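When we follow my numbering, the leftmost residue of the sequence shown carries the number 18, and every step to the right adds one.
Glycine included, C-beta positions come from ideal geometry on N, C-alpha and C.
Since the model is a prediction, treat every value here as computed from it, not as a measurement.
The block underneath contains the structure these notes are about, expressed in structure tokens.
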Amino acid sequence: MASYVYTELQATIGDLRLVILQPGSYRDELRCNILHYPLLEPKEPFKDERLPVSELQKTLPDGWTVDQTLDGRYLFMSPRHSGIPNSWKHPDPEYDSKAYAMPEHSVSDIFAWHVPPYEALSYSWGTANDEEFIHITDPASTHNTPAWLRIRKNLATALRHLRYADQPRTLWIDAICINQANVEERGRQVKRMSQIYPLSEKVIIWLGSEFEDSKHALETLEYFSKQVEYVISHRWGDAPNAEQLDWWRDDVPLPWKDRTWKSISSLLHRPWFERVWVLQEALLCDRVVLQCGRDAIAWVDVRKALLVLRQKSSLLPDDIRRRLFPYARGLMAPPLASCEHLLLWTRNQQCSDPRDKVYGILGLMDPRIVAKIEVDYSFPPWKTFAQLVLAEHDVYQKLNMINNCGIATRPEGCPSWVPNLEQPIEGANIGYLSIRRFYASARSSAVVKLIEPADHLQVTGRRVAIISRVSDDLNGTFVQLMEVVRDWAPKDPQNDMYVSGGLSMDAYVEVLVRGRTSDRALGDNPLPSIRRLRELLTSALYKDKLDGEVARAFKDCFFANECLFVTTEGYMGVSARGLQEGESPPSQDLPLR
């Protein structure tokens, strides 16, 4: 039997290949047909005719708020400490539910226009040293005779679990439906991911066979997700009809035994959670299931559970906390996360080609930025990363991504203004801010000019200070990080005065929390005050009271590979590592070099 030869896709009609997986028992040979179909957009896209959240908010009694959950429903949140549960229903029972209730429709109605409906597979490719054969028939091929194609073991295992015993199953699978040997086709198909996954009838996330108590882990996460809700404004609380109240709180321990924590840790350390490409595959479609062996649960339940668990960091086992903190940034994808957040997420994810650190998340980015990115696997990786920096400036007049540059991690030949996305964020981070945004530049536009062919970026700025002292990198455990914080703290917290007035201890606290205090935030907010933070930090540093409240208050302050600094004028600040004494960095959202 011959090796399978791909028939070219017709770019003019926008077709794609679909796998028709033939029925069989688990141990039967894998057989499929490959057929070409045009990828059709719906003639009448689904319209959400509900009131916008902003308009619905105007109809609520004082103290009530409404927001959208991860699965698109509107959640009505009761006033704090009122004792009234959150609800899917408007607090006014006479209010017309058509203004806020999710419209009822079936998946078959939505996809009746697409022939044939297909399911898209999201999985980890695995290693190339363990492969199987799948037998293929392609009516479009000039040979039109059965042939074989090599596929990796993890995909073969997935197909054995997914195929039906008595009928074919139509799937889109990147390793089969894209000619991986054709670099030009790969480049064209990369930009179609933002269509292929959303237009699928369902996305199936394949984590692998049932193993290491995975069934128990899925059942636990599913139950936990029914007790909590997470809305896109980064708030969370009790789910309506929750059986376990307050499980969302960061000071309420979960009654889980070692077996449960170990099963969840094992699940989160499966290869799928380490890959770049799979995030957009999971988030671009509303109809997604996560499957281990024969067990499956809704992906939105897993996503919600992980986002809320992340907020309980001081109560989590270390291995789960270390996995969740960097990973959760990806779970807050648009509209929850910015392009910068997504790129920070890719830094700790794996891919076979470093350019995929960008290409693998294009489907989650602003289409205006995507339009400016040329997908070309012949580019050196830094050229791909540079495209993104320049595209961000063209669209937003911002240079937020250069906040992630570092002299110490720059590869040879790469301009200093291009972030090295190949370099993972090292160190055991304590936390990541949910919204990492600082406004030293007061949202002013970046004025830049690219000088070619030298790839120099000319930036207009203002010198604000000269660095006189730089701390060690903020890496390690929370206790180790607090030792650096202790070394840099004011010697006399009650009396030392800051250069601009007020106590140095208050200024130090504000530097550590990046100004995220109730004194600066507007309206009702859960942030602690400067006074309370000063009390906690003073107790931790001078009285060795490093308790849970201190960890909760400062858990989101530390980023791996950052450092503290002091200027010759006496001002304190925080920056990425690589800062040198004697430098006079201009200021954008963060100090630049």
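The beta-carbon separation of K374 and L438, rounded to 4 Å, stays under the 8 Å limit for a contact. Residue pairing from DSSP places W253 in a beta bridge opposite Y247. Rounded to whole angstroms, the Cβ separation of L52 and P156 is 7 Å, and the two are in contact under 8 Å.
T555 carries a helical assignment under DSSP once its states are collapsed to helix, strand and coil. Counting the other Cβ atoms within 10 Å of the Cβ of A198 gives fewer than 16, which makes it exposed. About 21 Å separates the beta carbons of L341 and N421, which is beyond the 8 Å limit, so they are not a contact pair. The continuous alpha helix (DSSP H) containing T363 extends over residues 356–364.
Burial state of M119 is exposed, judged by a 10 Å Cβ sphere holding fewer than 16 other Cβ atoms. Taken through DSSP and simplified to helix, strand or coil, Q308 comes out as strand. Secondary structure in the region 161–202: the beta strand (DSSP E) runs of 3 residues or longer, each lying completely within the stretch, are 164–169, 186–189 in chain order. Going by C-alpha positions, R320 is about 32 Å away from N146. When DSSP states are grouped into helix, strand and coil, R486 belongs to the strand group.
Rounded to the nearest whole angstrom, the CA to CA distance from L56 to W81 is 44 Å. According to the DSSP assignment, Y140 belongs to no alpha helix (DSSP H) but to the beta strand (DSSP E) extending over 136–140.
When V245, Q308, D393, W289 are compared, the shortest CA-CA separation from Q328 is found for V245.
In the structure shown, H410 adopts helical secondary structure according to DSSP, grouped into three states. DSSP, read as helix, strand or coil, puts T534 in coil. Under the rule that a run must span 3 or more residues, the beta strand (DSSP E) segments found entirely inside the region 28–112 read 32–38, 48–55, 82–85, 91–94. With respect to C302, P215 sits close: the two C-beta atoms are nearer than 7 Å. Counting only residues of its own chain and dropping the five nearest sequence neighbours on each side, V476 has a CB closer than 6 Å to the CB of V465. The beta-carbon distance between I337 and S282, rounded to whole angstroms, is 5 Å. This is short enough to meet the 8 Å contact definition. Per DSSP, reduced to three states, the secondary structure at T277 is helical. Straight-line spacing of the CA atoms in H107 and P257 works out to 12 Å.
By the C-beta density criterion, A182 is exposed, having fewer than 16 other C-beta atoms within 10 angstroms. The three-state secondary structure of Q511, taken from DSSP, is coil. Around the beta carbon of D84, 16 or more other beta carbons lie within 10 angstroms, which makes this residue buried.
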